[in-house]
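Colleague: If you read the sequences in order, they're chains A and B. The opening position of the first sequence corresponds to residue 160 in our numbering, with each subsequent residue numbered one higher. The opening position of the second sequence corresponds to residue 54 in our numbering, with each subsequent residue numbered one higher.
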Amino acid sequence: MIVAGCDVGSLSAKAVILRDGRVAASHVMRARPHPRDSAREVMAAVTNKAGVSPDSFDYCVATGYGRNNVECADAAESEIACHAKGAWTVVPQARMVIDIGGQDAKAVRFDENGEVVRYVYNDKCASGTGRFLEIMAEALDIRLEDMGEIASRSKDPVTLSNQCVVFAETEIISLVNEGRDIHDIVCGLHRAMAHRVASLARSIELASEITMSGGVAKNCGMFAALEEALKIRLMPMEIDPQIVGALGAAVIALEKTGGKGGA
Amino acid sequence: MIVAGCDIGSLTSKAVILNNRNILSQAVMRSSFRPDESARKVMDKALADAGIGIDELSCCVGTGYGREKIPFVDRVFSEIACHAKGARHLMPAVRTVIDIGGQDCKAIRLDDRGSVVKFITNDKCAAGTGRFLDVMARLLGVDPDRLGRLSARAGRPLSLASTCTVWAQAEVIHHLNENTPIADIAAAVNQAMAGRVAILARSVGLQPEVCMTGGVAKNVGVVAHLEKLLDVKIRRLRIDPQIIGAFGAALYAGETWGGASDDRSRL
């Protein structure tokens, strides 16, 4: 039994193939201008890795902003349902996932079967999404992937007074001009963003077991800051947190064919 | 009696000098990083234009975001109070003042005696503040002061789907890449701006007469869209809308001085 999940986001495209309920291959790439091209490319790469052909799929589920542009998909599912299912598959004890993508953030509570109970979503305001960190990294002239490590060396984190990305950018530039330590600024940025995401998650009531997904979950500084803001230990994922949506889509594909999840 | 008002905003600093409630001189300048320095510079310019020295001022009132840092003022008043004061003096029938600053936006409601009954401020989100227009003007490669007139030449109507300045920026870049005429994009930017401001104006309980203060009031595109959205005529003030805060501060200075003989402690 071979099933696939394809998550075409605004910034990256992700795909997962399950063979007999286990992950056979996964792939992540930067999105192309057109979602159809992203979908084609990411599916070609993942099938290549798994050594299967796209017509060998028993079922394929697409998700993400470009989900209606995945030609090989049999069905499309919401990102919310896929993230819940994917997070539950990886961390079965978890009852909530906080997903921070490049242009959005969501918190989803789910039940013991990985079915959505309640969710909240922000894509209206760039603050509290991956874009916040991206813009700040540009302003500080540091690499996005170095931010977590830089933050970890802070001794006296700054407190930002602005939430808005535009205002916060000006604020950090004046902090740099004042001679504040870069480690303290970056740590303060993570805290500000964590605060924002934590209020989003709290608005649907926190579960006692929470995990984190999305590209931003790879940033150890953000992971730590979110734990601090939520005052709760987050359960780490043993797979790439960026592929959770695609994995969830693949598990839903498996369920549609009558199989049981459990990667 | 000569008095002055000094309004130190996040982006611009303003000073007004009054002689018996008549404007002797006015000055507007870009603010520097240091509010005290901005205040000195803008006041020096206004004083020079009036041909007087600072010791000839009977009283000086400060306002604006940097008001606590102005070294030479006798008193400070909030921006809300000063904008209300200035607008009311110029237009006694005014009941709603919409002030758009460089980094904030305020809607102020007055009663028939000119007292502030309610106000709402947005300084949390750049959308709906002068900053939004600045960011967009830079993207379009035009001076922010030209955005209004530019949008009057718009052909095909266009609107921005995003409220957030960051996402709207991405939309504008997309339109630029599609070779959409700049005038059309400028109109969409002004419309988006007006949309945010209208929400604030409605939630304060908008009542006519309505006037606008702050630099953005000079943007005819934003004003026209706002009039349409709120279905109300926005009255023009007879002096530069950007100096209303400083003007109101100067009016307070005159009152403070006028009442000073029996209440010196207020100084």
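Quick reminder that beta carbons are idealized off the backbone N, C-alpha and C, glycines included.
At the level of alpha carbons, what is the spacing between CYS264 of chain B and ALA327 of chain A?
Modeller: Distance between the alpha carbons of CYS264 of chain B and ALA327 of chain A: 31 Å.
Colleague: For GLU337 of chain A and MET352 of chain A, I'd like the C-alpha separation in whole angstroms.
Modeller: About 22 Å.
Colleague: Here's a check: name, in chain order, each residue in its chain whose Cβ is nearer than 6 Å to the Cβ of ALA221 of chain B, leaving out the five neighbours to either side.
Modeller: Here the set comprises LEU213, SER215.
Colleague: For a cutoff of 8 Å on Cβ pairs, would you count LYS265 of chain A as touching chain B?
Modeller: So no, LYS265 of chain A is outside the interface.
Colleague: Name the chain A residues that come within less than 9 Å of VAL188 of chain B, Cβ to Cβ?
Modeller: In chain order: VAL325.
Colleague: Just the Cα atoms here: how many angstroms apart are SER204 of chain B and GLU368 of chain A?
Modeller: The alpha-carbon atoms of SER204 of chain B and GLU368 of chain A are separated by roughly 52 Å.
Colleague: With which residues is ALA258 of chain A paired in a DSSP beta bridge?
Modeller: In the sequence under discussion, the amino acid at residue 258 of chain A is Asp, which differs from the Ala named in the question. Answer is A:LYS265, A:SER372.
Colleague: By the three-class DSSP mapping on this structure, what secondary structure does VAL250 of chain B have?
Modeller: Here VAL250 of chain B sits in helix by DSSP.
Colleague: Could you check whether GLY289 of chain A and GLN322 of chain A sit closer than 8 Å to each other, using their CB atoms as the reference points?
Modeller: Contact: no.
Colleague: What would DSSP say about CYS219 of chain A, mapped onto helix, strand or coil?
Modeller: Here CYS219 of chain A sits in strand by DSSP.
Colleague: Would GLY404 of chain A pass as a contact of GLU238 of chain A if the rule is Cβ separation under 8 Å?
Modeller: Going by C-beta atoms, GLY404 of chain A is nearer than 8 Å to GLU238 of chain A.
Colleague: So, with DSSP's three-state summary, where would you put HIS22 of chain B?
Modeller: The structure shown does not extend to residue 22 of chain B, since chain B is modelled only from 54 to 320, so the question has no answer here.
Colleague: Within the 8 Å Cβ cut-off, does LYS122 of chain B reach chain A?
Modeller: Chain A, which has no Cβ nearer than 8 Å to the Cβ of LYS122 of chain B, makes this no.
Colleague: Using a beta-carbon distance cut-off of less than 7 Å, what residues from the segment 211–235 of chain B approach chain A?
Modeller: Cβ contacts with chain A: THR216, CYS217, THR218, VAL219, TRP220.
Colleague: For a contact meaning CB atoms closer than 9 Å, what does ALA191 of chain B contact in chain A?
Modeller: Ala is not the amino acid found at residue 191 of chain B; the sequence shown has Arg there. Simply none; closest approach about 12 Å.
Colleague: Cα-Cα, which of A:PRO213, A:ILE341, A:ALA285 is closest to ASN301 of chain A?
Modeller: A small correction: the amino acid at residue 301 of chain A is Ile; Asn does not occupy that position in the sequence shown. Looking at the Cα atoms, A:ILE341 is the closest of the given residues.
Colleague: Can you check the segment 359–407 of chain A for any beta strand (DSSP E) of at least 3 residues that lies completely inside it and give the ranges in chain order?
Modeller: Listed in chain order, the complete beta strand (DSSP E) runs (minimum 3 residues) inside the segment 359–407 of chain A are 369–372.
Colleague: Please name the residue, chosen from B:PRO234, B:LEU253, B:GLU132, that lies closest to ARG209 of chain B on a Cα-to-Cα basis.
Modeller: Comparing Cα-Cα distances from ARG209 of chain B to each of B:PRO234, B:LEU253, B:GLU132, the minimum goes to B:PRO234.
Colleague: What residue range does the beta strand (DSSP E) around LYS159 of chain B cover?
Modeller: Segment 158–163, the beta strand (DSSP E) holding LYS159 of chain B.
Colleague: For THR266 of chain B, which beta-bridge partners are listed by DSSP?
Modeller: The partner list for THR266 of chain B (beta bridge, DSSP) reads B:ASP152.
Colleague: Specify the secondary structure class of HIS193 of chain A as computed by DSSP and reduced to three states.
Modeller: Note: HIS193 of chain A maps to coil in three-state DSSP.
Colleague: What does a CB cutoff of less than 6 Å around CYS112 of chain B pick up in its chain, not counting 5 residues either side in sequence?
Modeller: Closer than 6 Å at Cβ, skipping near neighbours: VAL56, ASP127, ALA306, THR309, TRP310.
Colleague: Excluding five sequence neighbours on each side, which residues of the same chain lie with their C-beta closer than 6 Å to the C-beta of TYR280 of chain A?
Modeller: The answer, listed in chain order, is LYS265.
Colleague: Under the assumption that LEU346 of chain B contacts ARG291 of chain B (Cβ atoms under 8 Å), give the Cβ distance between them as a whole number of angstroms.
Modeller: A query on residue 346 of chain B cannot be resolved here, the shown segment of chain B reaching from 54 to 320 and no further.
Colleague: Short check: CB of LEU304 of chain B to CB of GLY139 of chain B, under 8 Å?
Modeller: Contact: yes.
Colleague: By Cβ distance, which residues of its chain are closer than 7 Å to MET202 of chain A, with the 5 residues on each side in sequence left out?
Modeller: Excluding sequence neighbours, MET202 of chain A sits near CYS165, ALA174, PRO213, CYS231.
Colleague: Round the Cβ separation of SER313 of chain A and CYS346 of chain A to the nearest angstrom and send it over; I've been treating them as touching at under 8 Å.
Modeller: The pair is a contact, with the Cβ atoms about 3 Å apart (cut-off 8 Å).
Colleague: Between which two residues does the alpha helix (DSSP H) holding MET306 of chain A run?
Modeller: 306–311 is the extent of the alpha helix (DSSP H) around MET306 of chain A.
Colleague: Could you give the first and the last residue of the continuous beta strand (DSSP E) run that contains PHE172 of chain B?
Modeller: Start and end: 169–175.
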